[in-house]
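**Student:**
In my numbering, the protein residues as written are 40 to 183.
(1) Take residue 52 as the anchor and find which of 178, 181, 87 and 144 has the nearest alpha-carbon.
(2) Comparing C-alpha positions only, which one of 142, 62 and 47 sits nearest to residue 127?
(3) Could you compute how far the alpha carbon of residue 67 sits from the alpha carbon of residue 60?
(4) In the DSSP assignment, the alpha helix (DSSP H) including residue 113 goes from what residue to what residue?
(5) Output needed for residue 113: all residues of its chain with C-beta closer than 8 angstroms, excluding positions within five of it in sequence on either side, in chain order.
(6) Within this structure, are the beta carbons of residue 110 and residue 138 separated by less than 8 angstroms?
(7) When burial is assigned at 16 or more other CB atoms within 10 Å of the CB, is residue 65 buried or exposed?
(8) In the DSSP assignment, find the alpha helix (DSSP H) that holds residue 131 and state where it starts and stops.
(9) Is residue 50 helix, strand or coil when you go by DSSP?
(10) Which word fits residue 54, buried or exposed, when buried means at least 16 other C-beta atoms lie within 10 angstroms of its C-beta?
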């Protein structure tokens, strides 16, 4: 397993399939070339100070280390975006969430479920990408 370090790799993974969990968001993208699994970790400043962010990052690295030989597939890039809940959640629960997120992502790749079907399903659009346009609010007819 290799680490993702370049920003372009993180951005490419953000265009792939995503699955949310309480402690993290998992993004995955199949690369054009075969090769070892590559994993990247990111934790924003909204999670907390540097000590808390590093603790979340270490916990994410540990669950990936424990899961690496299982569900992660060759030729894929994975990015885990840490959330504040990762500080309080037991490692066993985080590992179960990672296994569930990986199975949802790979099921979406196989076409097993619809893109947004069910609660907590994998999403294929960027987090900040605009969805369908909102309908304009109805205006009251003017008197006059």
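We put the CB at the ideal spot given by N, CA and C, even for glycine.
**Tutor:** Let's see:
(1) The count along the chain shown starts at 1 and reaches residue 52 at position 13. The candidate whose alpha carbon is nearest that of residue 52 is 144.
(2) Stepping through the chain shown from its first residue, residue 127 is reached at position 88. Closest by alpha carbon: 62.
(3) Residue mapping note: residue 67 aligns to position 28 of the chain shown, counting from 1. Residue mapping note: residue 60 aligns to position 21 of the chain shown, counting from 1. Near 14 angstroms, if we compare the C-alpha coordinates of residue 60 and residue 67.
(4) One-based indexing of the chain shown puts residue 113 at position 74. Where residue 113 is concerned, there is no enclosing alpha helix (DSSP H), given that its DSSP letter is neither H nor E.
(5) In the chain shown, the residue the question calls residue 113 occupies position 74. Taken in chain order, the residues that qualify are 73, 74, 75 and 76.
(6) Walking along the chain shown from the start, residue 110 turns up at place 71. Walking along the chain shown from the start, residue 138 turns up at place 99. A contact, by the Cβ cut-off of 8 angstroms.
(7) For this step, residue 65 is matched to residue 26 along the chain shown. Under this definition residue 65 is a buried residue.
(8) As a first step, residue 131 is located in the chain shown; it is residue number 92 there, counting from the start. Segment 130 to 149, the alpha helix (DSSP H) holding residue 131.
(9) Here the question's residue 50 lines up with position 11 in the chain shown. In this structure, residue 50 counts as helix in the three-state DSSP scheme.
(10) As a first step, residue 54 must be located in the chain shown, where it is residue number 15. Exposed, by the Cβ-count rule.
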